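Under our numbering, the first residue of the sequence shown carries the number 17, and numbering increases by one thereafter. The beta carbon of each residue, even a glycine, is placed where N, CA and C say it ideally should be. A quick note: this is a predicted structure, and the numbers were derived from the prediction, not measured. A quick write-up on the structure given underneath.
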Amino acid sequence: MIYIHVPFCKSFCTYCDFYSEIPGEGLYDAYTAQLCQEIRNRAAEMDDNLKTLYFGGGTPSVLPLSNLTRILLTLEECGHGGPYTEFTMECNPEDLVEKGLPYLESLRALGVNRMSMGVQSFDDTLLIWMARRHNADGAREAFRLVRQAGFENVSIDLIFGLSNLSDAVWEATVDEAIALGPEHISCYQLTVEGDNVLAQRLENGEYEEAPEELCRHQYDILCSKMAAAGYVHYEISNFAKPGFEAVHNGGYWQRRPYVGLGPSAHSFSGRNRSWNSPELKGYTRTTESLSVEDEKVETLMLALRTARGIDGEFLQANCREEDIQRLLREGALAKTGRRYRIPEDHFFVSDEIIRELA
Ligand code: SF4
Numbered sequence: 017m018i019y020i021h022v023p024f025c026k027s028f029c030t031y032c033d034f035y036s037e038i039p040g041e042g043l044y045d046a047y048t049a050q051l052c053q054e055i056r057n058r059a060a061e062m063d064d065n066l067k068t069l070y071f072g073g074g075t076p077s078v079l080p081l082s083n084l085t086r087i088l089l090t091l092e093e094c095g096h097g098g099p100y101t102e103f104t105m106e107c108n109p110e111d112l113v114e115k116g117l118p119y120l121e122s123l124r125a126l127g128v129n130r131m132s133m134g135v136q137s138f139d140d141t142l143l144i145w146m147a148r149r150h151n152a153d154g155a156r157e158a159f160r161l162v163r164q165a166g167f168e169n170v171s172i173d174l175i176f177g178l179s180n181l182s183d184a185v186w187e188a189t190v191d192e193a194i195a196l197g198p199e200h201i202s203c204y205q206l207t208v209e210g211d212n213v214l215a216q217r218l219e220n221g222e223y224e225e226a227p228e229e230l231c232r233h234q235y236d237i238l239c240s241k242m243a244a245a246g247y248v249h250y251e252i253s254n255f256a257k258p259g260f261e262a263v264h265n266g267g268y269w270q271r272r273p274y275v276g277l278g279p280s281a282h283s284f285s286g287r288n289r290s291w292n293s294p295e296l297k298g299y300t301r302t303t304e305s306l307s308v309e310d311e312k313v314e315t316l317m318l319a320l321r322t323a324r325g326i327d328g329e330f331l332q333a334n335c336r337e338e339d340i341q342r343l344l345r346e347g348a349l350a351k352t353g354r355r356y357r358i359p360e361d362h363f364f365v366s367d368e369i370i371r372e373l374a
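Structure representation (structure tokens):
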């Protein structure tokens, strides 16, 4: 599993706390040169236990094709080239509309087989409020182009949990996402983190966080619409048509080793976690060993996010039997065969359930 962070955005969204830079003269080439060197240095760490490649960001779709090609050729030189079981590229709808069909066809020719589009909403007022670069029509057109280019595995990202998101707008957004027919939909609850524009709005009294009941209400709307449309709710924030569950992200939840490349990218060796510093030039890596307790909490947190749940033997060896039995009685845990899982109607409070078990 290989993750490549592309730390460029043409503008910054109000709610975003990811590391990213505005592209400037020579920066794509400087980034690519350093990334390719990192690939060479760390090739021995890539074990292809799951042969996936994921370009995330930032905004990978701003990266010129020539740079993307250099990165892929370097992976190939190092023995980790395609074809990949899953090769995902995160993209901004505006880039796809601007660059058009030839760009998308080139991505396909380079082996990209899954597109993940940051749509967030189909409401223009909200998109402006979020400072997204695209509008709703742009998202529709981008989706049409992606299909025209022949992509058969497309994911759409949406955001809920906003105090200024009405039921009517949220329902219309979810309905439209479903009507487009993507194979996968990810929905993230807005959180205020760091010192981004949203945090400043909150501090200045220009925004109020959505109360928990409202977030829950929006999540319930989402879950019932997705179920009615035949999507499987296979992870707290993720829904897929059967057979289109994300392979790469699935590897994270199973705690499979992965190599993260590029500024601010995280890696997991199976024993240690490491992360690159968030800076474009001369980024460095810090490694942290996980204690037995860290491993236990991580395993619980990641596995119980998924509908697949966790192996019963692990749960019984690491958690108190009385807690397990109480949560089963309360309906906050369910048991199927040897596995335990959090039922969908308790996904929203999974953090509390996991805290009780850990
Ligand atoms: S949400 Fe995505 S596009 Fe917006 S600033 Fe963050 S990384 Fe960039």
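Whole-angstrom C-beta distance between residue j and residue i, which should lie under 8 Å
i, j, result
"residue 278", "residue 18", "Not a contact, Cβ separation roughly 11 Å."
"residue 102", "residue 263", "4 Å"
"residue 415", "residue 284", "In the structure as shown, the chain begins at 17 and stops at 374. Residue 415 is therefore absent and cannot be evaluated."
"residue 164", "residue 117", "6 Å"
"residue 80", "residue 31", "Actually they are not in contact, since the Cβ atoms of residue 80 and residue 31 sit about 27 Å apart, beyond 8 Å."
"residue 250", "residue 322", "6 Å"
"residue 142", "residue 150", "That pair is no contact at about 12 Å."
Proximity below 8 Å, CB of residue i to CB of residue j
i, j, result
"residue 27", "residue 73", "no"
"residue 78", "residue 133", "no"
"residue 51", "residue 100", "no"
"residue 257", "residue 246", "yes"
"residue 22", "residue 104", "no"
"residue 370", "residue 316", "yes"
"residue 152", "residue 139", "yes"
"residue 288", "residue 281", "no"
"residue 366", "residue 320", "yes"
"residue 360", "residue 239", "yes"
"residue 339", "residue 373", "yes"
"residue 59", "residue 95", "yes"
"residue 269", "residue 237", "no"
"residue 146", "residue 201", "no"
Buried or exposed by the 16-neighbour rule on C-beta atoms within 10 Å, applied to residue i
i, result
"residue 207", "exposed"
"residue 38", "exposed"
"residue 148", "buried"
"residue 197", "exposed"
"residue 120", "buried"
"residue 453", "Past the edges of the chain, shown from 17 to 374, lies residue 453, and the structure says nothing about it."
"residue 136", "buried"
"residue 109", "buried"
"residue 259", "exposed"
"residue 220", "exposed"
"residue 90", "buried"
"residue 210", "exposed"
"residue 345", "exposed"
"residue 226", "buried"
"residue 342", "exposed"
"residue 130", "buried"
"residue 65", "exposed"
"residue 276", "buried"
"residue 308", "exposed"
"residue 300", "exposed"
"residue 325", "buried"
Any chain D beta carbon closer than 8 Å to residue i
i, result
"residue 311", "Note that chain D does not occur in the displayed structure, where there is just one protein chain."
| said: Could you check whether the stretch 110–127 touches the stretch 177–190, counting it as contact only if at least three pairs of C-beta atoms, one from each stretch, sit closer than 8 Å? | reply: no
| query | Fully enclosed by the stretch 143–203, which beta strand (DSSP E) runs are 3 residues long or longer? | reply | 170–176
| Unbroken alpha helix (DSSP H) runs of length 4 or more, entirely within the stretch 202–276: which are they? | For the stretch 202–276, whole alpha helix (DSSP H) runs of length 4 or above, ordered along the chain, are 213–219, 228–244, 263–269.
| field | Touch test, the stretch 325–332 against the stretch 180–194, Cβ-Cβ under 8 Å, three pairs minimum | value | no
| Along the chain, which unbroken stretches of the alpha helix (DSSP H) at least 4 residues long are found entirely within the stretch 78–128? | 81–93, 109–125
| Counting Cβ pairs closer than 8 Å, one from the stretch 205–225 and one from the stretch 150–167, do we hit at least three? | no
| said: Using a Cβ distance threshold of 8 Å, determine whether the stretch 222–238 contacts the stretch 340–357, with at least three qualifying pairs required. | reply: no
| request: Flag this pair as touching only if the stretch 80–94 and the stretch 41–49 have three or more C-beta atom pairs under 8 Å; answer yes or no. | output: yes
| field | Whole runs of the beta strand (DSSP E) within the stretch 269–345, excluding any shorter than 3 residues | value | 275–277, 282–284, 288–292, 301–305
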